[in-house]
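Shown next, in structure tokens, is the structure this report addresses.
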Amino acid sequence: MAAFISVSCKENEMIIHVSGWFNSEIRSEFEQVYRKVIQEMQKCNHFTLDLSATEHIDSSAIGMLVLMYQEIGREGPPVKIINTSGHVNKLLRITGLDRLFEIPAS
């Protein structure tokens, strides 16, 4: 299944949108995108990952999220993961990512 990543900026918030399957096939693209967003952080106070169009997430995506968290660091802006579907939300909570990221109830 194909995936698509896009970035938008709204006021002082950078938003990464992941559509389709969030898995190992998009690893290098996702890493390039979030690293570019990290470089642009001086312009933005908030960083959001929008998973509203994410159909599936696997263990490699979980690993990418942990790596992203480590690279942003505890000193960086808080990262919010929004618009998660039921099974994606459940997986993020089971793996403990709700302790690293702000994940509002969907």
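This note's numbering numbers the first residue of the sequence shown as 54 and each following residue consecutively.
We treat Cβ as the ideally placed atom computed from N, Cα and C, and that holds for glycine.
Bear in mind that the values here come from a model prediction, so they are computed numbers and not experimental data.
Distances from the alpha-carbon of Ile134 to those of Ile69, Phe57, Ile58, Ser112 put Ile69 closest. Between Glu124 and Ile91, the C-beta spacing is below 8 Å. Ala114 sits close to Asn76, with the two beta carbons spaced by under 8 Å. In this chain, the alpha helix (DSSP H) harbouring Ala114 covers 112-125. Relative to the Cα of Leu144, the nearest Cα in the group Glu66, Lys63, Gln95, Ile110 belongs to Ile110.
Approximately 12 Å separates the beta-carbon atoms of Val71 and Ala55; this is outside 8 Å, ruling out the contact.
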